[in-house]
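Since the structure comes first, as structure tokens, the remarks are kept for the end.
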Amino acid sequence: MDKGSLLIRGGTVITATGRSEADVLMRNGLIEAVGPDIGDGFGAVDRIIDATGHWVMPGGIDTHTHLAHPIGRLGVMTADDFYTGTVAGAFGGVTTIVDFGLQEQGGTLDAAREHRLGVIDPDAVIDFGFHLIVTDVNEEVLAEMGDLIRSGFPSFKVYMTYGDKKIGDDDLILLLEMAGEHGGLIYAHCENDCAVTHLIERHLAEGKTGPAYHATSRPPAVEAEATNRAIMLAELAGAPICIAHVTSSGAAQHVADARARGVTVVAETCPQYLVLDSSVYDLGAGCEVAKFVCSPPMREQSHVAALWEALADGSIQQVSSDHAPFRFEGQKTGGCDNFTQIPNGLPGIETRLPIVFTEGVVSGRLTPERFVELTATAPARIFGLTSKGRIEPGADADVIVVDPEREVDITASVLHSDVDYSPYEGMTLNGFPTWTISRGEVIVDEGALTAKRGRGQLVDRAPIDPVTFL
Ligand code: URP
Ligand code: ZN
Ligand code: ZN
Numbered sequence: 440m441d442k443g444s445l446l447i448r449g450g451t452v453i454t455a456t457g458r459s460e461a462d463v464l465m466r467n468g469l470i471e472a473v474g475p476d477i478g479d480g481f482g483a484v485d486r487i488i489d490a491t492g493h494w495v496m497p498g499g500i501d502t503h504t505h506l507a508h509p510i511g512r513l514g515v516m517t518a519d520d521f522y523t524g525t526v527a528g529a530f531g532g533v534t535t536i537v538d539f540g541l542q543e544q545g546g547t548l549d550a551a552r553e554h555r556l557g558v559i560d561p562d563a564v565i566d567f568g569f570h571l572i573v574t575d576v577n578e579e580v581l582a583e584m585g586d587l588i589r590s591g592f593p594s595f596k597v598y599m600t601y602g603d604k605k606i607g608d609d610d611l612i613l614l615l616e617m618a619g620e621h622g623g624l625i626y627a628h629c630e631n632d633c634a635v636t637h638l639i640e641r642h643l644a645e646g647k648t649g650p651a652y653h654a655t656s657r658p659p660a661v662e663a664e665a666t667n668r669a670i671m672l673a674e675l676a677g678a679p680i681c682i683a684h685v686t687s688s689g690a691a692q693h694v695a696d697a698r699a700r701g702v703t704v705v706a707e708t709c710p711q712y713l714v715l716d717s718s719v720y721d722l723g724a725g726c727e728v729a730k731f732v733c734s735p736p737m738r739e740q741s742h743v744a745a746l747w748e749a750l751a752d753g754s755i756q757q758v759s760s761d762h763a764p765f766r767f768e769g770q771k772t773g774g775c776d777n778f779t780q781i782p783n784g785l786p787g788i789e790t791r792l793p794i795v796f797t798e799g800v801v802s803g804r805l806t807p808e809r810f811v812e813l814t815a816t817a818p819a820r821i822f823g824l825t826s827k828g829r830i831e832p833g834a835d836a837d838v839i840v841v842d843p844e845r846e847v848d849i850t851a852s853v854l855h856s857d858v859d860y861s862p863y864e865g866m867t868l869n870g871f872p873t874w875t876i877s878r879g880e881v882i883v884d885e886g887a888l889t890a891k892r893g894r895g896q897l898v899d900r901a902p903i904d905p906v907t908f909l
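Just so we're aligned, residue 440 is where the sequence shown starts under this note's numbering, counting upward by one.
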């Protein structure tokens with residue numbers, strides 16, 4: 440079936456490995472040609488976009504989003520469903536997400552996969568995959584993993600803390616061994632559960648119950664210890680591992696040290712840890728602080744600086760959003776008097792690329808190529824999205840066209856998530872796309888959404904190659 444053609448003409452094409460003045464021709468959902476002055480040799484096209492003065496880059500890949508994600512303990516759901524969340528993503532230059540499918544206690548991973556597909560498929564406007572969150576490890580679950588990996592679901596999320604989702608080290612070892620054997624990847628939220636539980640109890644007993652105490656109940660050592668433990672267990676099992684949302688210099692150093700001794704570990708951080716710091720937990724701010732409650736929490740400036748260094752020197756490989764949006768009124772405010780009742784997480788799918796672009800590229804900390812690597816090419820490589828994250832013939836035609844000079848003043852109403860605040864209120868950001876293109880179709884066209892609900896497709900993901908994914 441003819442799915443049409445599109446020529447992006449006159450822009451600067453930026454990939455993870457270089458930049459050039461080049462046109463990009465797309466046909467039937469794929470990139471057909473990239474080069475200077477393409478046109479005549481390739482026949483008629485349905486549409487030409489004049490990208491003069493713009494940067495043409497791979498669409499963003501966000502491998503850590505929580506859309507329509509239930510927090511069972513609190514009886515709430517993240518505020519975005521797969522429509523609002525993926526629309527927000529499209530406006531922020533994201534063309535693929537990898538979300539999560541939660542295994543019910545006593546349920547199978549296969550059931551979790553089927554259920555989640557039914558939730559995502561009717562709503563997503565961009566392409567999607569999902570990691571299966573393993574919460575209940577048993578013989579049946581371990582036996583399912585090989586087939587899941589071979590059928591396009593190679594990554595499994597585990598929580599080392601977090602109530603009913605938590606698994607212990609004994610189960611983590613079993614999962615790592617099974618993943619290592621079959622080409623799978625364990626993706627770990629690393630915080631020491633005993634320490635977190637103890638510190639929360641101590642805070643509550645001392646009457647330290649306001650939102651700001653969330654942060655002091657989860658200090659950097661809690662994260663660094665669990666990160667090191669997860670890495671060491673992966674090393675023992677001979678399996679690759681991906682560390683979710685690194686926030687502290689200690690955790691980042693454990694990743695760097697392990698990589699230096701040959702362990703197959705990769706790591707991500709998120710924009711909130713790069714542009715916010717622990718001052719958001721100012722005790723005087725009252726319940727407003729709840730807007731910034733996420734786990735791990737934001738850290739002091741020395742950690743922020745260490746994360747930027749780790750992104751620039753390659754010891755952290757990707758930036759994802761950990762988009763876990765909750766409304767302030769009615770959701771976050773449920774915990775004004777008890778921080779344990781605040782749903783954890785921040786909205787961020789739409790601002791991820793602009794934040795890394797502005798604070799990374801515009802500020803001179805990262806090259807444009809490194810920006811593409813961190814936000815598109817590396818996430819694709821790490822999580823088996825072999826058709827995505829590149830601008831080259833044969834790849835999916837997922838492209839963003841960005842005017843690097845255009846600035847947007849951030850406030851909740853200019854963003855598209857179903858939340859009533861932005862953690863980045865008052866910031867001015869570059870890097871929003873003028874056009875977002877998914878499989879050759881323009882889905883955001885100079886500020887207008889042109890995507891149909893449900894057009895997003897499940898992406899077939901390949902097993903993990905522990906050598907190339909590094
Ligand atoms: O606070 C956060 N990050 N909430 C989302 C759940 C997760 O993955 O930690
Ligand atoms: Zn997490
Ligand atoms: Zn998360």
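Here a beta-carbon is modelled for each residue, glycine too, at the ideal position from N, C-alpha and C.
This one's a predicted model, so the numbers in the text were calculated from it and none came from an experiment.
(request) On a CA-only basis, which of Asp752, Gly774 and Phe731 is nearest glycine 787? Give me that one, please. (result) By one-based count along the sequence shown, residue 787 stands at place 348. Residue Phe731 is the option with its Cα nearest to glycine 787.
(message) Suppose contacts are defined by Cβ-Cβ distances below 8 Å. Is isoleucine 781 in contact with proline 862 by that definition?
(response) Along the sequence shown, one-based indexing puts residue 781 at 342. Along the sequence shown, one-based indexing puts residue 862 at 423. Going by C-beta atoms, isoleucine 781 is not nearer than 8 Å to proline 862.
(message) Report the start-end ranges of each beta strand (DSSP E) in the region 556-639 that is 3 residues or longer and not cut off at the edges.
(response) Listed in chain order, the complete beta strand (DSSP E) runs (minimum 3 residues) inside the region 556-639 are 566-572, 594-598 and 624-628.
(message) Starting from glutamate 727, trace the beta strand (DSSP E) in both directions and tell me its first and last residue.
(response) On the sequence shown, position 288 is the one that residue 727 refers to. Looking at the DSSP string, glutamate 727 is not in any beta strand (DSSP E), and its letter there is neither H nor E.
(request) Please state whether DSSP places serine 718 in a helix, a strand or coil. (result) For this step, residue 718 is matched to residue 279 along the sequence shown. The answer is helix: DSSP assigns serine 718 an H, G or I state.
(request) Taking all protein chains shown into account, decide if histidine 637 is buried (16 or more other Cβ within 10 angstroms of its Cβ) or exposed. (result) In the sequence shown, the residue the question calls residue 637 occupies position 198. With fewer than 16 other CB atoms across the displayed protein chains lying within 10 angstroms of its CB, histidine 637 is exposed.
(message) Determine whether the beta carbon atoms of alanine 518 and valine 858 lie at a separation below 8 Å.
(response) Here residue 518 refers to the residue found at position 79 of the sequence shown. Here residue 858 refers to the residue found at position 419 of the sequence shown. Contact flag set, yes.
(message) According to DSSP, is threonine 814 part of a helix, a strand, or is it coil?
(response) In the sequence shown, the residue the question calls residue 814 occupies position 375. Here threonine 814 sits in helix by DSSP.
(request) Please name the residue in Thr574, Asp549, Gly823 and Leu750 whose C-alpha comes closest to that of valine 800. (result) If you number the sequence shown from 1, residue 800 lands on position 361. Nearest of Thr574, Asp549, Gly823 and Leu750 to valine 800, Cα basis: Leu750.
(message) Relative to the C-alpha of histidine 742, which candidate in Leu713, Ala763, Gly723 and Ile849 has its C-alpha closest?
(response) Working through the sequence shown from its first residue, we reach residue 742 at position 303. Among Leu713, Ala763, Gly723 and Ile849, the Cα nearest to that of histidine 742 is on Leu713.
(message) Less than 7 Å between C-beta atoms, sequence neighbours within five positions excluded: which residues of the same chain meet that for glycine 870?
(response) As a working mapping, residue 870 is identified with position 431 in the sequence shown. Cβ neighbours of glycine 870 within its own chain (closer than 7 Å, five residues either side excluded): Leu792, Pro793, Phe796, Thr797 and Val841.
(message) Rounded to whole angstroms, what is the Cα-Cα separation between glutamate 748 and glutamate 578?
(response) Taking the first residue of the sequence shown as 1, we reach residue 748 at position 309. Taking the first residue of the sequence shown as 1, we reach residue 578 at position 139. Spanning the two alpha carbons is a distance of roughly 42 Å.
(request) Could you tell me the boundaries of the beta strand (DSSP E) in which threonine 937 lies? (result) What is shown of the chain runs 440 to 909, which leaves residue 937 out entirely.
(message) Please state the DSSP three-state secondary structure of valine 495.
(response) In the sequence shown, counting from the first residue as 1, residue 495 sits at position 56. Residue state for valine 495 is assigned as strand, using DSSP reduced to three classes.
(request) Tell me serine 444's beta-bridge partners as DSSP assigns them. (result) Walking along the sequence shown from the start, residue 444 turns up at place 5. Its beta-bridge partners are Arg466.
(message) Are the CB atoms of glycine 531 and serine 877 within a distance shorter than 8 Å?
(response) As a first step, residue 877 is located in the sequence shown; it is residue number 438 there, counting from the start. As a first step, residue 531 is located in the sequence shown; it is residue number 92 there, counting from the start. No, the pair does not count as a contact, with Cβ atoms beyond the cut-off.
(message) Quick check: what's the CA-CA separation for tryptophan 494 versus threonine 523?
(response) The residue labelled residue 494 in the question sits at position 55 within the sequence shown. The residue labelled residue 523 in the question sits at position 84 within the sequence shown. Using only the alpha carbons, I get a separation of about 26 Å.
(message) At the level of alpha carbons, what is the spacing between leucine 613 and alanine 582?
(response) Mapped onto the sequence shown, residue 613 falls at position 174. Mapped onto the sequence shown, residue 582 falls at position 143. Whole-angstrom Cα-Cα distance: 11 Å.
(message) Could you compute how far the alpha carbon of glycine 769 sits from the alpha carbon of valine 515?
(response) As a first step, residue 769 is located in the sequence shown; it is residue number 330 there, counting from the start. As a first step, residue 515 is located in the sequence shown; it is residue number 76 there, counting from the start. Linking glycine 769 to valine 515 through their CA atoms gives a straight-line distance of about 10 Å.
(message) Tell me which residues share the same chain as threonine 875 and place their Cβ nearer than 7 Å to its Cβ, disregarding the 5 neighbours each side in the sequence.
(response) Within the sequence shown, residue 875 is the residue found at index 436, counting from 1. Closer than 7 Å at the Cβ level, and outside the excluded window around threonine 875, lie Gly498, Ala529, Gly532, Thr534, Ile839, Ile882 and Val883.
(message) One question on the structure: do cysteine 733 and glycine 784 come within less than 8 Å of each other, judged by their Cβ atoms?
(response) Within the sequence shown, residue 733 is the residue found at index 294, counting from 1. Within the sequence shown, residue 784 is the residue found at index 345, counting from 1. Yes, Cβ-Cβ distance for cysteine 733 and glycine 784 is below 8 Å.
(message) Buried or exposed for lysine 604, going by 16 or more other Cβ atoms inside 10 Å?
(response) Here residue 604 is taken as the residue at index 165 of the sequence shown, counted from 1. Buried, because 16 or more other Cβ atoms sit within 10 Å of the Cβ of lysine 604.
(request) Can you have a look at cysteine 633 and say buried or exposed, based on whether 16 or more other CB atoms are within 10 angstroms of its CB? (result) Numbered from 1 along the sequence shown, position 194 holds the residue referred to as residue 633. Result: exposed.
(request) Give the range of the beta strand (DSSP E) segment to which serine 877 is assigned. (result) Within the sequence shown, numbered from 1, the residue matching residue 877 stands at position 438. Counting along the chain, the beta strand (DSSP E) containing serine 877 begins and ends at 872-877.
(request) Please classify arginine 700: is it buried, with 16 or more other beta-carbons within 10 angstroms of its beta-carbon, or exposed? (result) By 1-based counting over the sequence shown, the position of residue 700 is 261. Label assigned to arginine 700: exposed.
(request) Would you give the residue range spanned by the beta strand (DSSP E) that arginine 486 belongs to? (result) On the sequence shown, residue 486 is found 47 positions in, with the first residue counted as 1. Counting along the chain, the beta strand (DSSP E) containing arginine 486 begins and ends at 486-489.
(request) Count the other CB atoms, across all protein chains shown, that sit within 10 Å of the CB of glutamine 740; report buried if there are 16 or more and exposed otherwise. (result) In the sequence shown, residue 740 corresponds to position 301, counting from 1. By the 10 Å Cβ count, glutamine 740 comes out exposed.
(request) Alpha carbon to alpha carbon, how far is valine 635 from valine 811? Give it in angstroms, no decimals. (result) Along the sequence shown, one-based indexing puts residue 811 at 372. Along the sequence shown, one-based indexing puts residue 635 at 196. If you draw a straight line from the Cα of valine 811 to the Cα of valine 635, it is about 35 Å long.
(message) Here's the rule I'm using: 16 or more other beta-carbon atoms within 10 Å means buried, otherwise exposed. How should proline 561 be labelled?
(response) By one-based count along the sequence shown, residue 561 stands at place 122. Residue burial is scored here from C-beta neighbours: proline 561 has fewer than 16 other C-beta atoms within 10 angstroms and is therefore classed as exposed.
(request) Determine which residues share a DSSP beta bridge with phenylalanine 539 and list them. (result) As a working mapping, residue 539 is identified with position 100 in the sequence shown. His570, per the DSSP bridge assignment.
(request) Go ahead and label asparagine 777 buried or exposed: buried means 16 or more other beta carbons lie within 10 angstroms of its beta carbon, across all protein chains shown. (result) Reading the sequence shown from its first residue, position 338 is the one you call residue 777. Under this definition asparagine 777 is an exposed residue.
(request) Compare the C-alpha of phenylalanine 567 against each of Val473, His505 and Thr806 and name the closest. (result) The residue labelled residue 567 in the question sits at position 128 within the sequence shown. Looking at the Cα atoms, His505 is the closest of the given residues.
(request) May I have the straight-line CA-CA distance separating aspartate 441 from alanine 627, to the nearest angstrom? (result) Position 2 of the sequence shown, counted from the first residue, corresponds to residue 441. Position 188 of the sequence shown, counted from the first residue, corresponds to residue 627. When only Cα atoms are considered, aspartate 441 and alanine 627 end up about 42 Å apart.
(request) Using only alpha-carbon positions, find the residue among Asp586, Ala490, Gly646 and Ala665 that is nearest to glycine 449. (result) Position 10 of the sequence shown, counted from the start, is the residue given in the question as residue 449. The shortest CA-to-CA distance from glycine 449 to any of Asp586, Ala490, Gly646 and Ala665 is the one to Ala490.
(request) Ignoring anything shorter than 4 residues or poking outside the region 631-685, list the alpha helix (DSSP H) runs there in chain order. (result) Counting whole runs of 4 or more residues, the region 631-685 contains the alpha helix (DSSP H) stretches 632-644, 652-655 and 659-676.
(message) Mapping the DSSP letters down to three states, classify histidine 508 as helix, strand or coil.
(response) For the purposes of this step, residue 508 is taken as the residue at position 69 of the sequence shown. DSSP places histidine 508 in coil when its eight states are reduced to three.
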